[in-house]
Amino acid sequence: MSAAAVELVSVVARGPTERGRVPASLSNVSFYASAGVFAIVGAPRDGTLLLFDVIEGRVAPQVGRVAVLGVAPGQARSRVARVSMDAPLPDALRVEEICDVAADLRGEPRRPAVERLGVLGAAGLAKRRASTLSLEERRTVSLAIALTSRADVLLVEEPLAALDPVASGFVIDALRARAANACVLVTTASARDATRAGDRLGLLTSGMFMPLAPEHAHVGVGADLASIRVLVSSAHGKAGAASLVGALSGHEAVLRVESSSAPTTSGASVVTAFGRDLALLANAVTRAIATARVDVDLVEPSTLPLDAIRAAMAARAASPPPGTPPPGRTSLPPPSAGVPPSGGAPPSVAPPSVVPPSMLPVPPPSAGVPPSGGAPPPSVPPPSLPPASVPPPSGGAR
Amino acid sequence: MIRAVAFVPLARIARTPRGWAPIAGWSALAIVAAVAARVGGDTSGATHVLRGTLGYVALPLLAYGVVAAALGGAGLRASVRGVVALGADPMRAALASVLVATLGAAVAGGILAAVVCAIAHGPTDPPLLPDLLASFGVSFLGAGTYAAWFCVGSAIGRGGMRGGLLALDWFLGAPGGFGAIFVPRGHVTSLLGGQACFELSRRTSSVLLVVLLLVCLVLAVRLGRRPS
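Quick note, the sequences are listed as chains A and B, same order. Here the first sequence stands for residues 258 to 655, numbered as in this note's numbering. Here the second sequence stands for residues 1054 to 1281, numbered as in this note's numbering.
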């Protein structure tokens, strides 16, 4: 699947109005996704559910173009699988019957439910009635059915919600394996989950979409981005810090441990552990503190810069700079900030100035040519897009 | 695909004993009335029970119960969410649910009317066999129309309008009134031997009942296919 499986160009959409709620909206959202896991950070009120509704063809965009597998979204419905947060299942059926119905609906050959559910270790649910399943079990069944279907596009809402680190790793592995031959779009309100699951990242805040650099997918891969700082109480001195370092060093989730030689003003010693996965690292640090029997003054995880970006985007959406038109398409940054004038098709929203430069997508060597070793950054439209939609260099924001 | 999506409402009806209670209850009411007419020596018991207890009370509430059982007590859109999440087309899923509910109610209503007719049949009623067939046919059509009518109510909002349409049928359905043309009650009562609906002939009433059935089916499917 080399071509864009999902392609949105300058999409403006508005969700259904519900009593007492501001409807979610999408403001000029452009991106494309092909094989791989594309994680989008955002909450439902930011438009994540609406984004999936648009891709699924349930909601038509007011402006812009949506293509799924090269056709209109409604025509590709049988090739799109969606796993919702509430994971609705036909209540009167047993799980094994649901697997059969799902296969029939997609025109696929039936396979044993045990085999399908086994990808997530949930074969034991096959005989249960859907009405007896808990929310987590329903989500597991839905995800297993989606993963084992022949759908070319998977839309998954909050895949790691309410899962412990071990189960999270299981789900991420399954998503990655499926993403080898499918486009997996994941939405999550957790920046950490997004960075753990996604090959590519995007932010959706108040309907505005911003792609992020590919290297920010997978926390810590090659960069040790996940870290936890521990302040060992001064009562233990350097011996306590050394003991903690020793306990941490033996854990597989810990890639590296650093111990500051100079104590802090309070006399506490600083030990910093680095790993690939923040959740597993936290688990390791907790165990190490118990093993080393040291008192700690502070345990501080590394702050993911995604949160800072989201906060900045939300602030910008809530209070646009003086002279900026009201929200909607016209609330985007002025042309000088990297967005072409109306008539063009800006594929992404220029990030706020507080965004760390390192988080921005890396421009491709040339338009339409992906960087070597991975998928092109989300801000670069596929070659099929008209040249006018290729974004100009966003030098102002960078 | 229709077979796969129709499996879900069928399974709901078959596997939810709680949903059978209203169906069994209203059927029992009509049968008890028929038995009472026979025991009481009513010479035209079938006519009285069919246009009375069955037409006014049992048939609409039986259809109401069948629709509730087929949709799992929820609205139409909520009831098809499960299969739509598995990849079904929302319109086809809604169509399958509405058809299952409509056919289920029609068959149940037709059988109930035939049973009532057979039990309560008196000497001055029309000959048994033609009366039996006519009762089955009219109740089949009437219960089906009622079910489609309630499916429309189930497709409005979160499904709460099902009861609203039942009330509307009661208020507007008095056979002599103009409003009876637009609801099932007036036509069903007329066809079961009661007062003519707004002075319309029975043939016209049966045609209007079919039209009402089709309009309700289309409306329910169109409303039910929207995302919930």
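Using N, Cα and C, we set each Cβ at its ideal position, and we do this for glycine too.
Check, Outcome
"Quick one: does Ile1130 of chain B have its CB under 8 Å from some CB of chain A?", "Note that residue 1130 of chain B is Arg in the sequence shown, not Ile. Chain A, which has no Cβ nearer than 8 Å to the Cβ of Arg1130 of chain B, makes this no."
"Let's test the definition: count the other Cβ atoms within 10 Å of the Cβ of Glu313 of chain A and tell me whether it reaches 16, buried, or not, exposed.", "buried"
"If you pair each beta-carbon of the stretch 400-412 of chain A with each one of the stretch 337-354 of chain A, do three or more pairs fall below 8 Å?", "yes"
"Sorted by chain position, which residues of the same chain lie with C-beta nearer than 7 Å to Val553 of chain A's C-beta, five sequence neighbours on each side aside?", "Val487, Leu488, Val489, Ser490 and Ile546"
"Is the CB-CB distance between Trp1079 of chain B and Ala1123 of chain B below 8 Å?", "no"
"Just to confirm, are Ala1158 of chain B and Ala1200 of chain B a CB contact at a threshold of 8 Å?", "yes"
"Please classify Asn285 of chain A: does DSSP put it in a helix, a strand, or coil?", "strand"
"How long is the line joining the alpha carbons of Phe1251 of chain B and Val1137 of chain B, rounded to whole angstroms?", "42 Å"
"Specify the secondary structure class of Glu353 of chain A as computed by DSSP and reduced to three states.", "helix"
"Against chain A, does Gly1125 of chain B count as a neighbour if the rule is that its beta carbon must be under 8 Å from one of theirs?", "yes"
"Between the stretch 316-336 of chain A and chain B, which residues of the former have CB atoms less than 8 Å from a CB of the latter, in chain order?", "Val316, Arg334 and Ser335"
"Between which two residues does the beta strand (DSSP E) holding Leu461 of chain A run?", "Arg457 to Thr462"
"Taking only beta-carbon atoms, is Val647 of chain A less than 8 Å away from chain B?", "Bear in mind that a pLDDT of 33 at Val647 of chain A, under 50, signals an unreliable position, so the model cannot answer this."
"From what residue to what residue does the alpha helix (DSSP H) around Phe1250 of chain B run?", "Checking the sequence, you will find Cys at residue 1250 of chain B rather than Phe. First-last for Cys1250 of chain B: undefined, no H or E at that position."
"By the DSSP assignment, the alpha helix (DSSP H) with Phe1203 of chain B in it spans what residues?", "Leu1181 to Ala1208"
"Tell me whether the beta-carbon of Leu1225 of chain B lies closer than 8 Å to the beta-carbon of Phe1235 of chain B.", "yes"
"Spatial neighbours of Leu390 of chain A within its chain, please: C-beta separation below 8 Å, excluding the five flanking residues on both sides.", "Leu346, Val352, Leu382 and Val398"
"State the Cα-Cα distance for the pair Pro273 of chain A and Pro280 of chain A, rounded to the nearest angstrom.", "6 Å"
"Please report the distance separating the alpha-carbon of Arg1130 of chain B from that of Gly1163 of chain B.", "28 Å"
"Going straight from the alpha carbon of Ala329 of chain A to that of Phe309 of chain A, what length do you get?", "14 Å"
"Leaving out the 5 sequence neighbours to the left and right, which residues in its chain are closer than 6 Å to Pro1176 of chain B when beta-carbon positions are compared?", "Thr1096"
"Measuring CA to CA, which of A:Ser500, A:Ser484 and A:Ala525 is closest to Val511 of chain A?", "A:Ser484"
"Taking contact to mean at least 3 C-beta pairs separated by less than 8 Å, is the stretch 1178-1186 of chain B in contact with the stretch 1145-1152 of chain B?", "no"
"Any contact of the stretch 446-459 of chain A with the stretch 290-306 of chain A, i.e. 3+ C-beta pairs under 8 Å?", "yes"
"Does DSSP classify Thr1106 of chain B as helix, strand or coil?", "helix"
"Quick check for students: name the residue ranges of the alpha helix (DSSP H) that lie wholly in the stretch 1144-1182 of chain B, counting only runs of 4 or more.", "none"
"When DSSP labels each residue in this structure, what does Met465 of chain A get in the three-state scheme?", "strand"
"Would you give the residue range spanned by the alpha helix (DSSP H) that Phe295 of chain A belongs to?", "No alpha helix (DSSP H) holds Phe295 of chain A; the beta strand (DSSP E) holding it covers Gly293 to Val298."
"Please report how far the alpha carbon of Thr1202 of chain B lies from the alpha carbon of Pro468 of chain A, in whole angstroms.", "Residue identity check: residue 1202 of chain B is Trp in the sequence provided, not Thr. Rounded to whole angstroms, Trp1202 of chain B to Pro468 of chain A spans 49 Å at the Cα level."
"With burial defined as no fewer than 16 other Cβ atoms inside 10 Å of the residue's Cβ, what is the status of Val1264 of chain B: buried or exposed?", "exposed"
"Given a limit of 9 Å on CB to CB distance, which residues of the stretch 1057-1071 of chain B reach chain A?", "Ala1057, Val1058, Phe1060, Val1061, Pro1062, Leu1063, Ala1064, Arg1065, Ile1066, Ala1067, Arg1068 and Thr1069"
"With 8 Å as the threshold, decide whether the Cβ of Ala1141 of chain B is near any Cβ in chain A.", "yes"
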